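Numbering-wise (our numbering), the sequence shown opens with residue 690 and increments by one.
A short worksheet on the structure shown next.
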Amino acid sequence: MDPRRIAARDSVLVLSRAGDRILDIAAGDLVRGRVVDVRPGGSVSLRILGNLFQAKSSIPLAPNSNVLFRVVSHRSGLGEAEIRLQFLESIPDGEEAPGPLQGPPSRFLRILAQELASHEGSVETPRDMKGFLERLLRELPDASHTLPKPLREDLLNTLRTFVRRGGATVLDRMASLVKGSLPQEFRGLDPLNQVRGRLFADIEDVLHVPLREFLENTGVSLEAKLKALALLLTSQATEPSEGSPPGHEERARRLDSDLKGQLLKLKGALLAHMEELSREEPRLSGGLGKETEAGNPALSRLLHSVEVLLQDIQTFQLLSRLTDSFYTFLPFFWDGLKEGEVAFKRGRSGSHGKSYYCLLHLDFHQLGRLTVVVMLQGRDFFISFKTVEDRLRERLQKDAGELERMFQARGFSLKCLNFLGEGESQLAPFERLESLENIIDFKI
C-alpha cells in the first residue's frame, strides 16, 4: 500500500471502553500501531501503546503490519473514548518509530508538509490546523538550515500559501476584527479596546509612529518578550532589591500591546462568556457543544475569527524560524494594498562591517506586486525595487528624488537606488531569506 495515495481524510476510528489508558494522547501526536487482525467490513484489531483496541478503518490495512498514525481527534467520555487516527505510512519491522510525543523531526516535518499541501486551495481552514502548527513549532530545530533543503522549501512554500488561503489575506482578516464591531453583549469584555491604537496604524502616519514597536506588536515575538521578562524576574529573585526591576514596567507594557497576547485574552474571555451563557440557559446545560455555538452565532463567528488569526501569527512565527529572520505582516491600514509582508535579517560580516537586510513584499489591487530589498552597511543604504509592472516602476523612478531627500534629512546616505524589471536577477540572492545567515537580535 502506497501511503502517498491515501487521502488526508481517510482515517481509522478507535472505539474503546478503556479510554483512560491512552488519555495522554492529544491531537497532532504520532503513534505507532500494530495491526493484529483484519475482518470484513473494515473492522480491525490494533495494538497501540501495549493495549489492544477494536477499530473501524476506512482504508485497507494489512494484518501483522506496523503502521504510523497521527492523532486527528481524541474525545473522551464516561468510561469510553473515541480516537480518530490518520494513516501516515507503514513501518518496516525492526525500524524505530516515534512515540506519542517524540520522533525524528524530519519524518514528522515531511509528513506535515504533505498534509498541509493537501489543503492548498481550500477555502476552509483544516479543523486540526491548530495542532499542526503547534506541533511544528515544537519540532522545528533551532538551526533550520540543518533541515534537508527540499523539505525546508516545501514547508516554506506551503506555509506561504496557507496565509493566503480562501482568497483572503492576513490583512483582510486582521482588519475585519480590529475595525469591526463586536457583539453588543461582549463589548465590555473586549481586551483589544484599550490597545487597538498600538496594534495598527494608517499608512499616512508611517513616518510619525514608532515603526519598530508596531512591528514587534504583531505577535510574532510574543514568546521572546515573555522569555525576556522571565529572565528579568529571575535575576531580580536572585538579587532582590526594592521596587520593580529596571525595565520591568516597559516590558510589561509591551506584553499588554502584543496582538497575539491580546487575541489569547480575547479567546479566553469569549470561551468564559459562552460557558456562562450555557449555564444560564437550561437547554444548553450540556456545556460548550454544538448547541452553545448554535445559540450564540455571533460569538461563535468571533471565536472562529480569533482562532484563525492566531493560526496566521503562528504561521509567521514558523516562517521566521524557517528563514532565520523576523518575518511578519505589515500592521498598517493601506487603501489599495492587498497584502504586505516584511522580514528583517542580518547577513554576513564583511570588510565594511555587518550588513542588515529588509525584504518587503507588497501586492496592490491595481498597481500589482512589488519587491523591495533594503541593505544597510554602517550608515549607508542600498535599495532596490523590483516589479514586472512598467507603470509602477515608472512611478517609483519619478519619486526617487524625494526618497533621496528624506534619507539626507535624517542623516543617512542612500548609496544606491535600483529599479528592476522582469528578467533582471540582481536581487535573486536576497529575495530568498533562507539563503542568508543569522537572525537579527531584536532587543526586547
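Every residue, glycine too, gets a C-beta built ideally from N, C-alpha and C.
These numbers were taken from a predicted model, which means no experiment stands behind them.
Beta-carbon separation of F1022 and F903 under 9 angstroms?
Within the sequence shown, numbered from 1, the residue matching residue 1022 stands at position 333. Within the sequence shown, numbered from 1, the residue matching residue 903 stands at position 214. No, the pair does not count as a contact, with Cβ atoms beyond the cut-off.
Which same chain residues, not among the five before or five after R773, have their C-beta less than 6 angstroms away from its C-beta?
Translated into the one-based positions of the sequence shown, residue 773 becomes position 84. Here the set comprises S700, L702, V761, S762.
Mind checking whether L844 and L836 have CB atoms under 9 angstroms apart?
By 1-based counting over the sequence shown, the position of residue 844 is 155. By 1-based counting over the sequence shown, the position of residue 836 is 147. The answer is yes: Cβ separation under 9 angstroms.
Counting C-beta neighbours from all protein chains within 10 Å, is the total for S924 16 or more, i.e. buried, or is it exposed?
Locating residue 924 in the sequence shown gives position 235, where the first residue counts as 1. By the neighbour-count rule (16 or more Cβ atoms within 10 Å), S924 is not buried but exposed.
Start and end of the beta strand (DSSP E) containing D843?
As a first step, residue 843 must be located in the sequence shown, where it is residue number 154. Run containing D843: none in the beta strand (DSSP E); it sits in the alpha helix (DSSP H), 838–851.
Give me the Cα-Cα distance between A716 and R759, rounded to the nearest whole angstrom.
By one-based count along the sequence shown, residue 716 stands at place 27. By one-based count along the sequence shown, residue 759 stands at place 70. Cα to Cα, A716 sits roughly 8 angstroms from R759.
Identify every residue that forms a DSSP beta bridge with V1061.
For the purposes of this step, residue 1061 is taken as the residue at position 372 of the sequence shown. V1061 is bridged to L1049, F1074.
Quick check: the Cα distance between L1049 and N985, rounded to an integer number of angstroms?
Start at 1 with the first residue of the sequence shown, and residue 1049 comes out as number 360. Start at 1 with the first residue of the sequence shown, and residue 985 comes out as number 296. In a straight line, the C-alpha of L1049 is about 40 angstroms away from that of N985.
Assign D861 to one of two classes, buried (16 or more other C-beta atoms within 10 Å of its C-beta) or exposed (fewer than that).
Taking the sequence shown and counting its residues from 1, one reaches residue 861 at position 172. Result: exposed.
Am I right that F1005 and V909 are in contact with their C-beta atoms under 8 angstroms? What's the rounded C-beta distance?
As a working mapping, residue 1005 is identified with position 316 in the sequence shown. As a working mapping, residue 909 is identified with position 220 in the sequence shown. Yes, they are in contact, since the Cβ atoms of F1005 and V909 sit about 5 angstroms apart, within 8 angstroms.
Tell me which same chain residues have a C-beta within less than 6 angstroms of the C-beta of L999, skipping the five on either side of it?
In the sequence shown, the residue the question calls residue 999 occupies position 310. Excluding residues within five positions, the ones whose Cβ falls inside 6 angstroms are L952.
Beta carbon of V1062, beta carbon of K1075: below 9 angstroms?
The count along the sequence shown starts at 1 and reaches residue 1062 at position 373. The count along the sequence shown starts at 1 and reaches residue 1075 at position 386. Their beta carbons are under 9 angstroms apart, which means V1062 touches K1075 by this criterion.
Count the other CB atoms within 10 Å of the CB of C1047; is the residue buried (16 or more) or exposed (fewer)?
For the purposes of this step, residue 1047 is identified with residue 358 of the sequence shown, where counting begins at 1. Counting Cβ neighbours within 10 Å, C1047 comes out buried, since at least 16 surround it.
From E785 to A832, what does the alpha carbon distance come to, in whole angstroms?
Against the sequence shown, residue 785 aligns to sequence position 96. Against the sequence shown, residue 832 aligns to sequence position 143. Unreliable placement is indicated for E785, whose pLDDT of 48 sits below 50; no coordinate value is reported for it.
So if DSSP puts Q1066 in a beta bridge, which residue, or which two residues, is it bridged to?
For the purposes of this step, residue 1066 is identified with residue 377 of the sequence shown, where counting begins at 1. DSSP output for Q1066 lists S1044, D1069 as bridge partner(s).
Given a cut-off of 9 angstroms, decide if L1019 and L991 are closer than it, judged by their beta-carbon atoms.
Taking the sequence shown and counting its residues from 1, one reaches residue 991 at position 302. Taking the sequence shown and counting its residues from 1, one reaches residue 1019 at position 330. No; because the gap between Cβ atoms is not below 9 angstroms, this pair is not in contact.
For a test of the three-state rule: what should DSSP assign to S974, helix, strand or coil?
Taking the sequence shown and counting its residues from 1, the one referred to as residue 974 is at position 285. For S974, the predicted structure reports a pLDDT of 48, less than 50, and the residue's modelled location is therefore unreliable. A value from the coordinates is still provided. S974: coil per DSSP, three-state reduction.
Straight-line CA distance for R901 to L848?
For the purposes of this step, residue 901 is taken as the residue at position 212 of the sequence shown. For the purposes of this step, residue 848 is taken as the residue at position 159 of the sequence shown. Near 25 angstroms, if we compare the C-alpha coordinates of L848 and R901.
Would V1077 and E1111 be called neighbours here (beta carbons separated by less than 9 angstroms)?
To locate residue 1077, count along the sequence shown from 1; it is residue 388. To locate residue 1111, count along the sequence shown from 1; it is residue 422. The answer is yes: Cβ separation under 9 angstroms.
Select from R1035, E1093, L921 the residue whose C-alpha is nearest the C-alpha of K1104.
For the purposes of this step, residue 1104 is identified with residue 415 of the sequence shown, where counting begins at 1. Checking every option, the nearest Cα to that of K1104 belongs to E1093.
Could you give the distance in angstroms between the alpha-carbon of L1065 and the alpha-carbon of L757?
In the sequence shown, the residue the question calls residue 1065 occupies position 376. In the sequence shown, the residue the question calls residue 757 occupies position 68. If I take the Cα positions, the gap works out to 48 angstroms.
How far does the alpha helix (DSSP H) with D1001 in it reach, from first residue to last?
Your numbering for residue 1001 matches position 312 in the sequence shown. Here the alpha helix (DSSP H) through D1001 covers 986–1012.
Quick check on R721: does DSSP put it in helix, strand or coil?
If you number the sequence shown from 1, residue 721 lands on position 32. Strand, per DSSP.
Given this structure, state the Cα-to-Cα distance separating V898 from E969, to the nearest angstrom.
Along the sequence shown, one-based indexing puts residue 898 at 209. Along the sequence shown, one-based indexing puts residue 969 at 280. When rounded, the distance between both Cα atoms is 45 angstroms.
Give every residue of the same chain whose Cβ lies closer than 7 angstroms to the Cβ of D1001, excluding the five residues on either side of it in the sequence, and list them in chain order.
In the sequence shown, the residue the question calls residue 1001 occupies position 312. Result list for D1001: V852, V859, R862, in chain order.
Starting from L1109, trace the beta strand (DSSP E) both ways and give me its first and last residue.
Position 420 of the sequence shown, counting from 1, holds the residue named residue 1109. Per DSSP, L1109 belongs to the beta strand (DSSP E) from 1102–1109.
On the premise that V725 lies in contact with L735, defined as a C-beta separation below 8 angstroms, what is that separation, rounded to the nearest angstrom?
In the sequence shown, the residue the question calls residue 735 occupies position 46. In the sequence shown, the residue the question calls residue 725 occupies position 36. At roughly 7 angstroms, the Cβ-Cβ gap stays under 8 angstroms, so L735 and V725 are in contact.
Take L1011 as the anchor and find which of K838, G739, R721 has the nearest alpha-carbon.
Your numbering for residue 1011 matches position 322 in the sequence shown. Nearest option by C-alpha distance: K838.
Have a look at R764 and A1032 and give me their C-alpha separation to the nearest angstrom.
Indexing the sequence shown from 1 puts residue 764 at position 75. Indexing the sequence shown from 1 puts residue 1032 at position 343. Cα to Cα, the separation comes out at about 40 angstroms.
Name the two residues that bound the continuous beta strand (DSSP E) containing L888.
For this step, residue 888 is matched to residue 199 along the sequence shown. Per DSSP, L888 belongs to no beta strand (DSSP E) and is neither H nor E.
Can you tell me whether DSSP reads G1090 as helix, strand or coil?
Position 401 of the sequence shown, counted from the start, is the residue given in the question as residue 1090. In this structure, G1090 counts as helix in the three-state DSSP scheme.
Select from D718, N906, G886 the residue whose C-alpha is nearest the C-alpha of L944.
Your numbering for residue 944 matches position 255 in the sequence shown. L944 has its Cα closest to that of N906, out of D718, N906, G886.
Quick one: what's L741 bridged to in DSSP?
In the sequence shown, counting from the first residue as 1, residue 741 sits at position 52. Answer is R736, bridged to L741.
With DSSP collapsed to three states, give me the class of D947.
As a working mapping, residue 947 is identified with position 258 in the sequence shown. Coil, per DSSP.
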